[in-house]
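Residue numbers (UniProt numbering): 1 to 313. Where is the CB? At the ideal position from N, CA and C, for every residue including glycine. The block underneath contains the structure these notes are about, expressed in structure tokens.
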């Protein structure tokens, strides 16, 4: 007898609906996300963001021209494009009433950030992945640091991560860099899961121990007509680099705000500017600032480069 095909009546759903569909608790799915076995995302609605793009993925203009308008998603802007099946970006800086300052399409990427990366400002919509390190046992997301990664179900993308735009815009205008106003808490109703991961869970017979981690599974190319066409869904070296940078940046802000006396004494120069090397050493010594009690980067020089590029005046 042929094996019965698994059918799921939704493309994605809230975490609570997915848990009910599977007959498990929402916390069970949170635990799987912590173990990097499924993607859990948040639904963003025109989130003004700073976009980090892999420059060497392909020519940026060619890449942008290959993207399609997501007709299945309610978007008011003709500049919105799908970068994966569920993650969308409105490629504009939004300055519609200032034609001489309006940027759109691939032209939003106007900054170079270290070797091999471009930066632009736009608006994110759709599902964007919350990294496993963000989850807490007491609440799905507590003191959430608003850095997101594309929901990769549906294809690869050169977009590495997005962060709130305003702190970087403020910094470029001479103001202090501050992420605090953008941290928040989120509950189960704020989190989403795709039918792709729901199907994987069903195919495993809900034997979660046997479910492979995301960097060990093969993902069907959902944009291909060929059923045998498969790609690897994995965290590439550059995606891990971006994730580590996000963890370092979050810890740097936490240390600066919670240990201000020590920070001011050891990490500020006489002229009030930052001593990035000292700041990096303090982070390296304070492993409690990181989710798993371990600094993800061993090199103080690398930590210094991460925080200096975000906190420069």
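Neighbour-count burial assignment, residue i, 16 or more Cβ in a 10 Å radius
i, result
"residue 287", "exposed"
"residue 206", "exposed"
"residue 6", "exposed"
"residue 294", "exposed"
"residue 274", "buried"
"residue 304", "buried"
"residue 102", "exposed"
"residue 98", "exposed"
"residue 225", "At residue 225, the pLDDT of 40 sits below 50, so the modelled position is not reliable and the matter cannot be decided from this model."
"residue 245", "buried"
"residue 71", "exposed"
"residue 94", "buried"
"residue 181", "exposed"
"residue 314", "Missing from the structure shown is residue 314; the chain here goes from 1 to 313 and no further."
"residue 313", "Note on residue 313: pLDDT 46, under 50, position unreliable in the model; the coordinate value appears next. Residue 313 should be labelled exposed."
"residue 257", "exposed"
"residue 39", "buried"
"residue 9", "exposed"
"residue 223", "At residue 223, the pLDDT of 42 sits below 50, so the modelled position is not reliable; the number obtained from the coordinates is stated separately. The residue is exposed, with fewer than 16 neighbouring Cβ atoms inside 10 Å."
Presumed contact (8 Å Cβ cut-off) between residue i and residue j, rounded CB distance
i, j, result
"residue 22", "residue 198", "7 Å"
"residue 195", "residue 11", "6 Å"
"residue 202", "residue 37", "Not a contact, Cβ separation roughly 14 Å."
"residue 46", "residue 162", "Wrong, their Cβ atoms sit about 12 Å apart, outside the cutoff."
"residue 41", "residue 128", "6 Å"
"residue 183", "residue 144", "6 Å"
"residue 166", "residue 48", "7 Å"
"residue 193", "residue 44", "That pair is no contact at about 15 Å."
"residue 248", "residue 159", "Not quite, the Cβ-Cβ distance comes to about 20 Å (not below 8 Å), so this is no contact."
"residue 135", "residue 33", "6 Å"
"residue 131", "residue 243", "6 Å"
"residue 164", "residue 150", "About 16 Å separates the two Cβ atoms, so there is no contact after all."
Neighbourhood of residue i by C-beta, 6 Å cutoff - its chain only, sequence neighbours within 5 removed
i, result
"residue 211", "37, 204"
"residue 77", "90"
"residue 80", "88, 90"
"residue 332", "The shown model of the chain, from 1 to 313, leaves out residue 332, and the question about it has no answer."
"residue 148", "128, 162"
"residue 105", "64, 91"
"residue 298", "none"
Contact set for residue i: own chain, Cβ-Cβ below 7 Å, skip 5 residues either direction
i, result
"residue 26", "15, 16, 19, 188"
"residue 279", "252, 267, 307"
"residue 227", "Note on residue 227: pLDDT 36, under 50, position unreliable in the model; the coordinate value appears next. Taken in chain order, the list of residues that qualify is empty."
"residue 255", "263, 282, 283, 286, 289"
"residue 276", "304, 307, 308"
"residue 96", "102"
"residue 68", "81, 82"
"residue 1", "For residue 1, the predicted structure reports a pLDDT of 42, less than 50, and the residue's modelled location is therefore unreliable. A value from the coordinates is still provided. Nothing meets the Cβ criterion."
"residue 190", "42"
"residue 269", "275"
Same chain, Cβ closer than 8 Å to residue i, neighbours up to 5 away in sequence not counted
i, result
"residue 109", "51, 53, 60, 118, 119, 120"
"residue 311", "171, 177, 252, 274, 276"
"residue 24", "206"
"residue 300", "277, 280, 281, 284"
"residue 111", "118, 119, 120"
is_contact[residue i, chain D] using C-beta, thresh 8 Å
i, result
"residue 181", "The structure shown contains no chain D, having only a single protein chain."
Requested in this report: Could you say if the region 175 to 185 and the region 60 to 68 meet the contact criterion of at least three C-beta pairs nearer than 8 Å?
Outcome: Under the three-pair Cβ rule at 8 Å, the region 175 to 185 does not count as touching the region 60 to 68.
Query raised in the report: Can we say the region 117 to 137 touches the region 88 to 107, given the rule of at least three CB pairs closer than 8 Å?
Result: Taking one beta carbon from each stretch, the region 117 to 137 and the region 88 to 107 have 3 or more pairs nearer than 8 Å; the two touch.
Report task. Starting from the N-terminal side, write out each stretch of the alpha helix (DSSP H) that is 4 residues or longer and does not extend beyond the region 147 to 203. Result -> 166 to 172, 195 to 203
Query raised in the report: Residue ranges of each alpha helix (DSSP H) run of no fewer than 4 residues wholly in the region 51 to 102, ordered along the chain?
Result: 60 to 66
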